[in-house]
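J.: Protein sequence lines, in the order shown, are assigned to chains A and B. Residues in the first sequence are numbered from 81 upward in steps of one, following this note's numbering. Residues in the second sequence are numbered from 81 upward in steps of one, following this note's numbering. Next up is a structure, given as structure tokens.
Protein chains: 2
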Amino acid sequence: MAQHHLQAWDWESPMNFHYQYQHLCRGEQCRELMFEKPLTPSDVGKLNRLVIPKHHAEKYFPLDGDSGEKGLLLSFEDELGKVWQFRYSYWTSSQSYVLTKGWSRFVKEKRLDAGDVVLFERPRFDGERLYIGCRHRGAPAAAAAAMASVPWSTPYYASSSSVHQGASLHAGEQRAEVVADKSTETAAPAANSRRLRLFGVNLDY
Amino acid sequence: MAQHHLQAWDWESPMNFHYQYQHLCRGEQCRELMFEKPLTPSDVGKLNRLVIPKHHAEKYFPLDGDSGEKGLLLSFEDELGKVWQFRYSYWTSSQSYVLTKGWSRFVKEKRLDAGDVVLFERPRFDGERLYIGCRHRGAPAAAAAAMASVPWSTPYYASSSSVHQGASLHAGEQRAEVVADKSTETAAPAANSRRLRLFGVNLDY
DNA sequence: CACTGAACCTGCTGG
DNA sequence: TCCAGCAGGTTCAGT
């Protein structure tokens, strides 16, 4: 299957650049790297938060006064099409921008350790969709998106109260379907809002 | 020892109903135990809240949609007749019912620690009045009210509760004696207000 | 009235 | 799912 091939690929080799380009520009959409951050022990520890360097945060994820109060929910798609939702906010006490809710699940599922790198991408021509990836310490730089993830989600958050959450979940499914359609395999469209078959994997929300 | 017997006493057993009845029915008003909870470290710590187990909360302190938003104020009377008012509400984030405002004062004045037990009672025939009591860890179950009445208060409270103090200690002794009378052993009454010998244990304030 | 610490409120994680 | 525990921010009361 496609993703297994990608996992073993040597992304560092120049001769693979074209392939890499193809990978990053699935369909007609090119993605550009916004920034990456080597994870600190605190980023992967019990604080359950990722500190986003201020200059990156203010450039790519500006918080206006309105959203600054309680932060906002950001949705990112990983290389498998899985949508990760994080609460993004500013902590005045530490003068830091952070991802909080949802971050620890990402760390756990991707098995991130200090020294690993998390990276954020966006479409080159369409500012809506956001992507997240990671690269384990010592892994080739371009292999980030190929790191496998285990599809997992809790029903707890699927049923949670916020209007934003419901809307974003739906948006996430739509996004995943688009990705699936672009693949060489035919993915069955999600017939109901709780399950999506993607790359031959059933994802339950 | 009497208290060891009482500690093992089965309050649920029908054959003990008469004993329970005598204990709980002061004057003409019968009280029934709604529930009790052994206090966790968090319940008596800096979180300043008491988590009320959901099944008890929903049975005895139901919150309708109207009061659910900001919770409501619940008033309880302790064994001294002192009224304690707590804010009672539901935390959606932790899916828990809690007492918040006012709880820390109760913990402080009653000198509650983890492992102590707080108990909630109501009149058997009159649904209006509510009672709260506590029992210190290791104390006999029936001595709840007696232990709760330990006449200690901060200088801050001393001026307002001095009248109650004398009465409370007296009431506590009486009750303790009643319990002792039910046992095969006789407990010596405490002679001064700073020390109480109860069930063979010297309690210093 | 400003400052400070305690109390209170909200939200999240993890077992 | 419940709830213990933790964290950060806001409000309040005492000085």
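Note that CB positions come from ideal geometry on N, CA and C, so glycine has one too.
Can you list, in chain order, the residues of its chain with a C-beta nearer than 7 Å to that of Gly125 of chain B? Leave out the 5 residues immediately preceding and following it.
T.: Contacts found: none.
J.: Output the distance between the C-alpha atoms of Trp171 of chain A and Val178 of chain A, rounded to the nearest integer angstrom.
T.: A straight line joining the alpha-carbon of Trp171 of chain A with that of Val178 of chain A spans about 7 Å.
J.: Quick one: residues in its chain with C-beta nearer than 6 Å to the C-beta of Leu143 of chain A, no 5 flanking neighbours on either side, listed in chain order?
T.: Excluding sequence neighbours, Leu143 of chain A sits near Tyr170.
J.: Suppose you measure from the CA of Ser233 of chain B to the CA of Glu189 of chain B; what does that come to, to the nearest Å?
T.: Confidence is the limiting factor: at Ser233 of chain B the pLDDT is only 29, short of 50, which leaves the residue's position unreliable, though a coordinate-based value still follows. Those two C-alpha atoms are separated by around 6 Å.
J.: Would you list the one or two residues that DSSP bridges to Lys190 of chain A?
T.: Under DSSP, no beta-bridge partner is assigned to Lys190 of chain A.
J.: Which residue comes first and which comes last in the alpha helix (DSSP H) that contains Lys134 of chain A?
T.: Lys134 to Tyr140
J.: As a quick exercise: from A:Thr120, A:Gly151 and A:Leu113, pick the residue whose alpha carbon is nearest that of His136 of chain A.
T.: A:Leu113
J.: Who are the Cβ neighbours of Arg182 of chain A in its own chain at under 7 Å, not counting the five residues just before and after it?
T.: Going by the sequence as given, residue 182 of chain A is Gly instead of Arg. Answer for Gly182 of chain A: Trp164, Gln165, Phe166 and Arg167, listed in chain order.
J.: Taking only three categories from DSSP, how would you classify Ser174 of chain A?
T.: coil
J.: Give the range of the beta strand (DSSP E) segment to which Lys117 of chain A is assigned.
T.: Arg111 to Pro118
J.: Strictly by DSSP, which residues pair up with Trp164 of chain B?
T.: B:Phe156
J.: Taking the beta strand (DSSP E) that Val198 of chain B falls in, what are its first and last residues?
T.: Val197 to Pro203
J.: Is Val178 of chain B a contact residue of the ligand NAD, with contact defined as CB to any heavy atom under 7 Å?
T.: With respect to the ligand NAD, the structure shown offers nothing to examine, as it has no ligands at all.
J.: Less than 8 Å separating the beta-carbons of Arg202 of chain A and Leu210 of chain A?
T.: Contact flag set, yes.
J.: Helix or strand or just coil, what does DSSP make of Ser169 of chain A?
T.: strand
J.: Which of the three DSSP states is assigned to Arg209 of chain B in this structure?
T.: Of the three classes helix, strand and coil, the one that applies to Arg209 of chain B here is coil, per DSSP.
J.: Measuring only the C-alpha atoms, how far is Val131 of chain A from Pro220 of chain A?
T.: 24 Å
J.: Throw me the rounded Cβ distance for the Gly213 of chain A and Leu192 of chain A pair, which I believe falls under 8 Å.
T.: With a Cβ gap of about 11 Å, Gly213 of chain A and Leu192 of chain A do not count as contacting.
J.: Would you list the one or two residues that DSSP bridges to Leu127 of chain A?
T.: DSSP lists no partner for Leu127 of chain A.
J.: Take Val197 of chain B and list the residues in its own chain whose beta-carbon comes closer than 6 Å to its own, dropping the five residues that flank it on each side.
T.: Glu116, Pro118 and Arg215
J.: For Gly195 of chain A, which residues of its own chain have a beta-carbon under 7 Å away from its beta-carbon, when the five flanking residues on both sides are left out?
T.: Answer for Gly195 of chain A: Pro118, Leu119 and Arg217, listed in chain order.
J.: Give every residue of the same chain whose Cβ lies closer than 6 Å to the Cβ of Pro121 of chain B, excluding the five residues on either side of it in the sequence, and list them in chain order.
T.: Ala194
J.: Using 10 angstroms around the beta-carbon of Leu160 of chain A, count the other beta-carbons present and answer buried if the total reaches 16, otherwise exposed.
T.: buried
J.: Can you tell which of B:Ser176, B:Glu208 and B:Gly207 has its C-alpha closest to the C-alpha of Glu138 of chain B?
T.: B:Ser176
J.: Determine the DSSP secondary structure at Arg217 of chain A, reduced to helix, strand or coil.
T.: coil
J.: For a quick check, are the C-beta atoms of Thr180 of chain A and Arg129 of chain A less than 8 Å apart?
T.: yes
J.: Under the DSSP definition of a beta bridge, which residues are partnered with Leu179 of chain B?
T.: B:Leu130 and B:Tyr168
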